[in-house]
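Undergrad: Here numbering that gives the first Met the number 0 is used: the first residue of the sequence shown is 0, the next is one more, and so on.
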Amino acid sequence: MKRLAMMVGLLIAVATAASAQKMHYQQNFDGLNNGDLDGQDGWSVGAPANMPSVTVENAVVFGNSGKAVQVDAMTEVVRVIEPKLTSGTHFISVFFRFENIVGDNTMHLYFGDSVREWNAGPVIRIGSQSGAPDMVGVHDGQTVVPVAPIRKGEWQHLMSVMNIDKQTYSVWVDEKLVADEFAWRNPLHLALGWWMIGFDAGAGLIGYYDEFAFGAGDTYSLDVSPQDRMTTTWGSLKSAR
Ligand SMILES: [Ca+2]
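This is the structure we're talking about:
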């Protein structure tokens, strides 16, 4: 009886953590049409990259079925955040997969204020533009720092917790803290008003993104599988290093 009460208590605690969460955007791409992501669910091509669209496909996906986004060389899309976020802490969780480490190929993940320019605020570069072709890079003020290895051809989890008030962000790759309160690339970005994925250069790039979750705070319930549900406060993982 005692044991049952404890289990119920734990379940309620997990449910409370999940329900208290404010999500800004979630997308697993499974319900979208194959082809250009441009024009679907608020995504569009445009500045600063002005490239053709990344695509939705169903051949390589996170999990057993569904769809994901494919990033090829010279494809890029933006999603405007409306209204833009002007304070507080917010996270982005995503699974990525990099198939072929060649040339200057890179997968971008940029956030910025209203002005759409390359400097942006929180800037993550998976691939060559990290400073090393086989690394994940995180921009820290004036320079990009290679912080974690790419496991070629495997799905990897990336979590970024962005603090608008301090204009810093911390990044975890596969649940390991790799960037601890790095400075935004351009401190003139005072809000989160758009985010962008893709790559504006390269040749022969094949990369994927799946399971985007963008929300408030630093806690997220990560459904790795139905049997392996994990609710983690990423901020607390700092002290657990
Ligand atoms: Ca999917």
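The beta carbon of each residue, even a glycine, is placed where N, CA and C say it ideally should be.
Here the structure is a predicted model, which means the values were calculated and not measured.
Are the region 130-149 and the region 210-217 touching by the rule of at least three beta carbon pairs closer than 8 Å?
TA: no
Undergrad: For residue 33, which residues in the same chain have their Cβ closer than 8 Å to its Cβ, ignoring the five residues on either side in sequence?
TA: The answer, listed in chain order, is 54, 55, 56, 57 and 66.
Undergrad: Does ligand 1 have even one heavy atom less than 7 Å from the beta-carbon of residue 28?
TA: yes
Undergrad: Can you tell me whether residue 153 sits near ligand 1, meaning its C-beta is under 7 Å from at least one heavy atom of the ligand?
TA: no
Undergrad: Can you tell me whether residue 242 is buried or exposed? The criterion is at least 16 other CB atoms within 10 Å of its CB, across all chains shown.
TA: The structure shown does not extend to residue 242, since the chain is modelled only from 0 to 240, so the question has no answer here.
Undergrad: What does DSSP give as the partner residue(s) for residue 111 in the beta ladder?
TA: 193
Undergrad: Say yes only if the C-beta of residue 60 is nearer than 7 Å to one or more non-hydrogen atoms of ligand 1, and no if none qualify.
TA: yes
Undergrad: In the DSSP assignment, what residue or residues form a beta bridge with residue 214?
TA: 22 and 90
Undergrad: Is any heavy atom of ligand 1 found at a distance shorter than 7 Å from the C-beta of residue 180?
TA: no
Undergrad: Would you tell me roughly how many angstroms separate the C-alpha atoms of residue 135 and residue 159, rounded to the nearest one?
TA: 12 Å
Undergrad: Between the Cα of residue 116 and those of 179, 126 and 188, spot the shortest distance and give me the residue it belongs to.
TA: 188
Undergrad: Compute every distance between the C-beta of residue 212 and the non-hydrogen atoms of ligand 1, then say whether any falls below 7 Å.
TA: no
Undergrad: Counting C-beta neighbours from all protein chains within 10 Å, is the total for residue 145 16 or more, i.e. buried, or is it exposed?
TA: buried
Undergrad: For the candidate residues 125, 109, 74 and 80, whose alpha-carbon lies nearest to that of residue 96?
TA: 125
Undergrad: Report yes or no: do three or more beta-carbon pairs, one from the region 176-195 and one from the region 66-85, lie closer than 8 Å?
TA: Flag = yes, the region 176-195 and the region 66-85 touch.
Undergrad: How about residue 70 and residue 204: are their beta carbons less than 8 Å apart?
TA: yes
Undergrad: Quick check on the DSSP output: what are the complete beta strand (DSSP E) runs of length 3 or more inside the region 127-156, in order along the chain?
TA: 134-139 and 142-148
Undergrad: Taking DSSP as the reference, what is the three-state secondary structure of residue 31?
TA: coil
Undergrad: Hey, how far is the Cα of residue 179 from the Cα of residue 91?
TA: 15 Å
Undergrad: Label residue 229 either buried or exposed according to how many other C-beta atoms from any shown protein chain fall within 10 Å of its C-beta, with 16 as the threshold for buried.
TA: exposed
Undergrad: Please report the distance separating the alpha-carbon of residue 132 from that of residue 79.
TA: 29 Å
Undergrad: Helix, strand or coil: how does DSSP classify residue 235 here?
TA: DSSP, read as helix, strand or coil, puts residue 235 in helix.
Undergrad: Suppose you measure from the CA of residue 248 to the CA of residue 217; what does that come to, to the nearest Å?
TA: This structure gives no information on residue 248, because the portion of the chain shown stretches from 0 to 240.
Undergrad: Taking only three categories from DSSP, how would you classify residue 175?
TA: strand
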